[in-house]
Amino acid sequence: MASSAGGSSKSLSLLVYNIWTRDGSDDSALAPKFLDGGIDALGLLMYLRSGEELDLGEEEEDYEEDYAAIEREQASELSYERFVEKYMAPNQPVIITGLTESWRATTELLDGEGASLDVDRLEEEYGECTAPVHVSDVPKGHPFGGLSRPATEEMTVAAYCEYWRDRRPSSPESPNETYLYLKDWKPHAILKKVPMYSCPAYFKEDWLNDLNGSYKFVYLGPANTCTRLHADVLRSYSWSSNVTGRKRWYLIPPEHTYMLFDVFGKALAPHIHFDLESELNAVMFPGLRLARRHAVFVDQVKGETIFVPSGWHHSVENLEDTLSINHNWLNGFNLEGSWRKLKDEILNERDHMKTARNVEGIEQEFRAGTEGVGGGGRMEDESQNKKDLVLLYELLAHQLEINSKLRDRELQSIVEILEGMIELVGNGKGSESESDYRDEYAGVRRSTDWRPEDLLMVVKQEQGVG
Numbered sequence: 001m002a003s004s005a006g007g008s009s010k011s012l013s014l015l016v017y018n019i020w021t022r023d024g025s026d027d028s029a030l031a032p033k034f035l036d037g038g039i040d041a042l043g044l045l046m047y048l049r050s051g052e053e054l055d056l057g058e059e060e061e062d063y064e065e066d067y068a069a070i071e072r073e074q075a076s077e078l079s080y081e082r083f084v085e086k087y088m089a090p091n092q093p094v095i096i097t098g099l100t101e102s103w104r105a106t107t108e109l110l111d112g113e114g115a116s117l118d119v120d121r122l123e124e125e126y127g128e129c130t131a132p133v134h135v136s137d138v139p140k141g142h143p144f145g146g147l148s149r150p151a152t153e154e155m156t157v158a159a160y161c162e163y164w165r166d167r168r169p170s171s172p173e174s175p176n177e178t179y180l181y182l183k184d185w186k187p188h189a190i191l192k193k194v195p196m197y198s199c200p201a202y203f204k205e206d207w208l209n210d211l212n213g214s215y216k217f218v219y220l221g222p223a224n225t226c227t228r229l230h231a232d233v234l235r236s237y238s239w240s241s242n243v244t245g246r247k248r249w250y251l252i253p254p255e256h257t258y259m260l261f262d263v264f265g266k267a268l269a270p271h272i273h274f275d276l277e278s279e280l281n282a283v284m285f286p287g288l289r290l291a292r293r294h295a296v297f298v299d300q301v302k303g304e305t306i307f308v309p310s311g312w313h314h315s316v317e318n319l320e321d322t323l324s325i326n327h328n329w330l331n332g333f334n335l336e337g338s339w340r341k342l343k344d345e346i347l348n349e350r351d352h353m354k355t356a357r358n359v360e361g362i363e364q365e366f367r368a369g370t371e372g373v374g375g376g377g378r379m380e381d382e383s384q385n386k387k388d389l390v391l392l393y394e395l396l397a398h399q400l401e402i403n404s405k406l407r408d409r410e411l412q413s414i415v416e417i418l419e420g421m422i423e424l425v426g427n428g429k430g431s432e433s434e435s436d437y438r439d440e441y442a443g444v445r446r447s448t449d450w451r452p453e454d455l456l457m458v459v460k461q462e463q464g465v466g
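Letter by letter, the sequence shown follows residues 1 to 466 in UniProt numbering.
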């Protein structure tokens, strides 16, 4: 049995090696895998397939509450230059206090004591708006451990306010508790009213929202609601301010992200505390216990703002009834990282097209009986990659049109990205599989005003290059 497992592991490792190195023609392609955790991920899979027991060292209880802490800064003592140097450029999280006191959301949407939401005032101002609401029906005592994704429905803010006033615990006989979480609401995009907040100066260099303002959100949820594990669109930065309430954040640095995925590198665990007592779950997500050792943890209270760096997967729990304001944002500091991740995902699609038949049987056999496990991830990313490619292209085109003060390093990053886009969305030349892949992506040219060659000429003229 052990010999059979060993042979199977060797065959699988050779298959993965051939995928990564283009059938052994480019060993340098292994270098990024050492940096992004891919080599370690393969090692975990080898353990799994060999039938050996993976030594995790200390029991989970010994380290579960010993997470690394996030630094806190007072806005009055944190200059923009120091924020860039200490947090944004090195891609590290931070909590900043003192940014929300003057916001209209703070002064007008809270009750007389400023402690909790004034639901009547919210309904009076925004009741006619509609907003997406996530409906979670979860086992009592396990609000963050469910497998299924919440259903999403549209509600008026008035209807949600009625739920907020009238919510009651479920009956003692019911095994589940139902929660409604108003998420990704964009009132500023609908109503031309006085804004309920102003973007803090640290986050104003925002190319993503310069384009169309679609990545500004309001979240309102009762205690025990949560946001599942995810990384933000285009591996953007995000910031989130608590107007009232308390959230608990778990963040995983990019170099440990691979531990969050299933053994096939596709499905993302729904939560950092996903139940691993089940043998099936433990086998499906063999790296999740290790990921917990690298998690960064913080409780964010009323009036605090968290900066979430690019590419950090995170899950968020509402420990109290909470109203928060959030932006995703992207600029010259995380532009290269955003493109690099998107390019890797697109190239992985090409490799998957070439090797799908080799791994399809293994994966289908393993996934039998595991429907619903996982929180999405790379399977969903594949359908999102074209949209993200168009979004990134349009973002660059818009910046080149409106921003006459782009830095030299930003211009150089844009050149490299445009050259990469031209290479990816080619004319179909090359091997048969590459042609199929490029033909599929050629549709991108028809979905937008796709002129990367023209933009590249503009940027090179800006640089003074011939």
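Just so you know, even glycine gets a beta-carbon here, dropped at the ideal spot from N, CA and C.
Exposed or buried, what is ASP62 when buried is set at 16 or more other beta-carbons lying within 10 Å of its beta-carbon? At ASP62 the pLDDT is 44, less than 50, meaning the model places this residue with poor confidence and gives no usable figure here.
Suppose only complete runs of 3+ residues qualify. What are the beta strand (DSSP E) ranges in the region 168-256, listed by chain order? 176-185, 216-221, 226-230, 237-244 and 247-252
Where DSSP assigns a beta bridge to ILE96, which residues make up the other side? As a beta-bridge residue in DSSP terms, ILE96 pairs with GLU73 and THR305.
For the putative contact between LEU323 and LEU220, defined by C-beta atoms under 8 Å, what is the C-beta separation to the nearest angstrom? 5 Å
Tell me where the alpha helix (DSSP H) around LEU424 begins and ends. 408-424
Tell me, to the nearest whole angstrom, how far the beta carbon of TYR87 is from that of PHE333; I am working on the premise that it is less than 8 Å. Incorrect: roughly 10 Å between the Cβ atoms, too far for contact.
Using a Cβ-Cβ cut-off of 6 Å (strictly less than) and excluding sequence neighbours within five positions of LEU342, which residues of its own chain qualify? Hits under 6 Å: ASP388.
Consult DSSP for VAL263 and reduce its assignment to one of helix, strand or coil. coil
Residues in the same chain with beta-carbon distance under 8 Å from SER76, minus the five sequence neighbours each way, listed in chain order, please. Hits under 8 Å: GLY98.
Beta-carbon separation (whole angstroms), ASP299 vs ARG248, contact threshold 8 Å: With a contact defined as Cβ atoms closer than 8 Å, ASP299 and ARG248 qualify at about 5 Å.
Considering Cα atoms alone, identify which of LEU406, ASP449 and ASN318 is closest to SER241. ASN318
Quick one, are the C-beta atoms of GLY287 and ALA231 less than 8 Å apart? no
Keeping to the same chain, check which residues put their C-beta closer than 8 Å to that of ILE422; ignore five residues upstream and five downstream. So the qualifying residues of the chain are PRO452, GLU453 and LEU456.
Taking the alpha carbon of PHE217 as the point to measure from, which residue in PRO200, VAL233, ASP184 and LEU208 has its own alpha carbon closest? ASP184
Measuring CA to CA, which of LEU424, VAL390 and HIS188 is closest to ASP446? According to the sequence shown, residue 446 is Arg rather than Asp. Of the candidates LEU424, VAL390 and HIS188, the one whose C-alpha sits nearest the C-alpha of ARG446 is VAL390.
Backbone CA spacing between GLU205 and GLN399 [nearest angstrom]: GLU205 and GLN399: Cα-Cα distance of roughly 11 Å.
DSSP state of GLU101, grouped into three classes? Coil.
Taking 8 Å as the threshold (C-beta atoms), are CYS199 and HIS327 in contact? yes
Which residues in the same chain as ARG165 place their Cβ atom closer than 7 Å to its Cβ, once the five residues preceding and following it in sequence are excluded? Cβ neighbours of ARG165 beyond the five flanking positions: VAL119.
GLU73 to ILE96, Cα distance in whole Å? 5 Å
Assign THR21 to one of three DSSP states: helix, strand, or coil. coil
Specify the secondary structure class of ASP299 as computed by DSSP and reduced to three states. strand
Give the range of the beta strand (DSSP E) segment to which LEU323 is assigned. 322-329
Residue span of the beta strand (DSSP E) that contains GLU153, given as start and end: In the DSSP annotation of this structure, the continuous segment of the beta strand (DSSP E) that includes GLU153 starts and ends at 151-156.
Leaving out the 5 sequence neighbours to the left and right, which residues in its chain are closer than 7 Å to GLU394 when beta-carbon positions are compared? LEU211 and THR448
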